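Asker: If you count the sequence shown from 1, position 162 lands on 158 in the working numbering, and the numbers rise without skipping.
We put the CB at the ideal spot given by N, CA and C, even for glycine.
Predicted, not measured: the structure shown is a model, and the values here were computed from it.
This is the structure, below, for whatever I ask next.
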Amino acid sequence: MRVVLISTPIGFLGSGKGGGVELTLNSLVSGLLSLGHSVEVIAPKNSKLYSGNEKATLYLVDGEDQISWQHQNYNSPVSIPENSLLVGMLEKGLDLAKKADVLLNMSYDWLPIWMTLNVDIPIAHIISMGSESSVISNLISKVYAKHPYNFAFHSKIQADDYPFIKKPIIIGNGFKLDNYTFQNSLNGPLAWVGRVAPEKGLEDAVYVANKLGEKLKVWGVKEDEIYASKIEQSFPKGTIDWMGFLSTNELQEELGKCRALLNTPKWNEAFGNVVVEALACGVPVIAYKRGGPSEIIQHGETGYLVDPDDKNNMLSYVEIIEKIERKKCREWVEKNASTDIFANKVVNWLNKAIDESK
Ligand code: UDP
-3 MRVVLISTPI GFLGSGKGGG VELTLNSLVS GLLSLGHSVE VIAPKNSKLY
47 SGNEKATLYL VDGEDQISWQ HQNYNSPVSI PENSLLVGML EKGLDLAKKA
97 DVLLNMSYDW LPIWMTLNVD IPIAHIISMG SESSVISNLI SKVYAKHPYN
147 FAFHSKIQAD DYPFIKKPII IGNGFKLDNY TFQNSLNGPL AWVGRVAPEK
197 GLEDAVYVAN KLGEKLKVWG VKEDEIYASK IEQSFPKGTI DWMGFLSTNE
247 LQEELGKCRA LLNTPKWNEA FGNVVVEALA CGVPVIAYKR GGPSEIIQHG
297 ETGYLVDPDD KNNMLSYVEI IEKIERKKCR EWVEKNASTD IFANKVVNWL
347 NKAIDESK
């Protein structure tokens, strides 16, 4: 299969601004290549693919980023800036896709979804968020009625945000196991990983660490600086240990030294890459029972699921974290979320979308 992949029009690959999509894209490229498919990736200027993905052709496009939908009102109209990166990537994608089997879109935006109705090339969409925009959800509903095989979701609970999707195609996500080393660190610090933005609920994890008289190690891009400094000021100085945004390799090495990852989403997290990355290093995860993490974590086996927003409930599970066998965390990832498992699911789905378009 020849696949042309459109990345997210927010930040270059490697910047962290695109959130989990950056890693998901690389995992998918790696899985598709190892299954023998041909892959072309269209991404913002300065993007780099992970090492090992050199066989994919990378096309770079310059232009203005989209505004991310999680930071707009649900009823905001679609906006497209002058010299739009999204438009540039789509133009390149449509051109390349004339000679390909499918155009695979990973951006959560109105325009590529609308295109599905208006060009002969099959365009398949990995929907990377829950319903964050009325205008996009309404469009998905309209396109789904005609092209039910052109949408895939990361988790069942994410797809539930789109109630008109009767039979959601669930592809999960994939992680290159070789990139994560198992560490049996039973006495390490507590970790939190993610974009520092309100929908990620960092303040609840800091509350838990502070109650225990510990520091919380925090990795990720400070997407919302004002929010970050507000949290910092509401706890004793030094409670947050800001570790910055690291490459996957550096991150997994540090994360593996931690005794647990706290995951505190305030929104319907589509999947939650960081949850699986922690598990891959042998780090159990304590998460709110909300969104993707509630489908990933096996309560009592690979971590604990906590009543949403109940910080004291989270605290009580931190106190019994040593009951989780760290080996089981890694084993779950091996059995359920390798790049090969992921790429196979995606290929099966794309074959359906391609067949239906004939
Ligand atoms: N991440 C990273 N380095 C860091 C912190 C985070 O590469 O220092 C990546 C992490 O690997 C994950 C992504 O940021 O792939 C966050 O994705 P997630 O699905 O958890 O949330 P999203 O940002 O997509 O809402």
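Give me the Cα-Cα distance between His295 and Asp303, rounded to the nearest whole angstrom.
Answerer: Spanning the two alpha carbons is a distance of roughly 12 Å.
Asker: May I have all residues whose beta carbon comes closer than 6 Å to any heavy atom of the ligand UDP, sorted in chain order?
Answerer: Here the list is Gly12, Gly15, Gly16, Leu19, Val189, Gly190, Arg191, Trp215, Gly216, Phe241, Leu242, Thr244, Leu247, Phe267, Gly268, Asn269, Val270, Glu273.
Asker: Find the nearest neighbour of Val214 within the set Gly190, Ile222, Lys233, judged by alpha-carbon distance.
Answerer: Considering only alpha carbons, the answer is Gly190.
Asker: Compare the beta carbon distance of Gln179 and Gly299 with 7 Å and say whether it is the shorter of the two.
Answerer: Contact: no.
Asker: Identify, in the order they occur along the chain, each residue of the same chain with its Cβ nearer than 6 Å to the Cβ of Ala96, setting aside the five sequence neighbours on each side.
Answerer: Only Arg(-2), Val0 meet the Cβ criterion.
Asker: Pairing CB atoms from the stretch 244 to 262 with CB atoms from the stretch 168 to 186, are three or more of them under 8 Å?
Answerer: Taking 8 Å as the limit for Cβ pairs, the verdict is that the stretch 168 to 186 does touch the stretch 244 to 262.
Asker: What separation, rounded to the nearest whole angstrom, lies between the Cα atoms of Val119 and Asn347?
Answerer: Sequence check: residue 119 is Ile here, not Val. If you take the alpha carbons of Ile119 and Asn347, they lie about 12 Å apart.
Asker: So, at 8 Å on beta carbons, what are the nonlocal neighbours of Pro406 in its own chain, with the 5 sequence-adjacent residues on each side left out?
Answerer: It is not possible to answer for residue 406, since the shown part of the chain is limited to -3 through 354.
Asker: Give, in chain order, every unbroken run of the alpha helix (DSSP H) that is at least 4 residues long and sits entirely within the stretch 83 to 147.
Answerer: Runs found: 106 to 111, 130 to 142.
Asker: With DSSP run on the structure shown, which of helix, strand or coil describes His67?
Answerer: If DSSP states are grouped into helix, strand and coil, His67 belongs with the helices.
Asker: CA-CA distance, Arg322 and Asn183?
Answerer: Approximately 12 Å, taken between the alpha carbons.
Asker: Does the Cβ-Cβ distance between Ile165 and Trp345 come in under 7 Å?
Answerer: In contact: Ile165 and Trp345 (Cβ atoms closer than 7 Å).
Asker: Among Asn245, Leu208, Ser243, Gly240, whose alpha-carbon lies nearest the alpha-carbon of Phe231?
Answerer: Comparing Cα positions, the closest option is Leu208.
Asker: Suppose you measure from the CA of Lys211 to the CA of Lys138; what does that come to, to the nearest Å?
Answerer: Distance between the alpha carbons of Lys211 and Lys138 is about 48 Å.
Asker: For the stretch 232 to 240 against the stretch 255 to 263, do three or more pairs of beta-carbon atoms, one drawn from each stretch, fall closer than 8 Å, so that the two count as touching?
Answerer: No: the two stretches stay apart, fewer than three of their Cβ pairs being nearer than 8 Å.
Asker: Roughly how many whole angstroms lie between the Cα atoms of Val329 and Glu78?
Answerer: Distance between the alpha carbons of Val329 and Glu78 is about 42 Å.
Asker: Can you find the residues in the same chain that come closer than 7 Å, C-beta to C-beta, to Ala201, ignoring five residues on each side of it along the sequence?
Answerer: So the qualifying residues of the chain are Trp188, Leu212, Leu258, Thr260.
Asker: Rounded to the nearest angstrom, what separates Val74 and Asn134 at their Cα positions?
Answerer: Using only the alpha carbons, I get a separation of about 12 Å.
Asker: Is DSSP giving Phe267 helix, strand or coil here?
Answerer: If DSSP states are grouped into helix, strand and coil, Phe267 belongs with coil.
Asker: Indicate the three-state DSSP secondary structure (helix, strand or coil) for Leu311 in the structure shown.
Answerer: Of the three classes helix, strand and coil, the one that applies to Leu311 here is helix, per DSSP.
Asker: I think Leu435 touches Val192, with their Cβ atoms under 8 Å apart; what is that distance to the nearest whole Å?
Answerer: Nothing can be reported for residue 435, as the shown portion of the chain is limited to -3 through 354.
Asker: For Lys226, is the classification buried or exposed, using 16 other Cβ atoms within 10 angstroms of its Cβ as the cut-off for buried?
Answerer: Looking at its Cβ environment, which holds fewer than 16 other Cβ atoms inside 10 Å, Lys226 is exposed.
Asker: Helix, strand or coil for Thr53? Go by DSSP, reduced to three states.
Answerer: If DSSP states are grouped into helix, strand and coil, Thr53 belongs with the strands.
Asker: Check for me: the beta strand (DSSP E) holding Val302 runs from which residue to which?
Answerer: First-last of the beta strand (DSSP E) with Val302: 299 to 302.
Asker: Please name the residue or residues paired with Glu60 in a DSSP beta bridge.
Answerer: DSSP, once it has assigned bridges, lists Ser80 as partnering Glu60.
Asker: What does the Cβ neighbour count give for Asn49, buried or exposed, with the cut at 16 atoms within 10 Å?
Answerer: With 16 or more Cβ atoms within 10 Å of its Cβ, Asn49 is classed as buried.
Asker: Per DSSP, what are the beta-bridge partners of Pro40 in this structure?
Answerer: Note: Pro40 sits in a beta bridge opposite Val57.
Asker: Answer yes or no: do Ala339 and Gly27 have a C-beta to C-beta separation smaller than 7 Å?
Answerer: Yes, Cβ-Cβ distance for Ala339 and Gly27 is below 7 Å.
Asker: Which residue wins for smallest C-alpha separation from Tyr46, given the options Leu9, Leu31, Val35?
Answerer: Nearest C-alpha to Tyr46: Leu9.
Asker: Excluding five sequence neighbours on each side, which residues of the same chain lie with their C-beta closer than 6 Å to the C-beta of Ser151?
Answerer: Excluding positions up to five away in sequence, the list reads Phe267, Gly288, Glu291.
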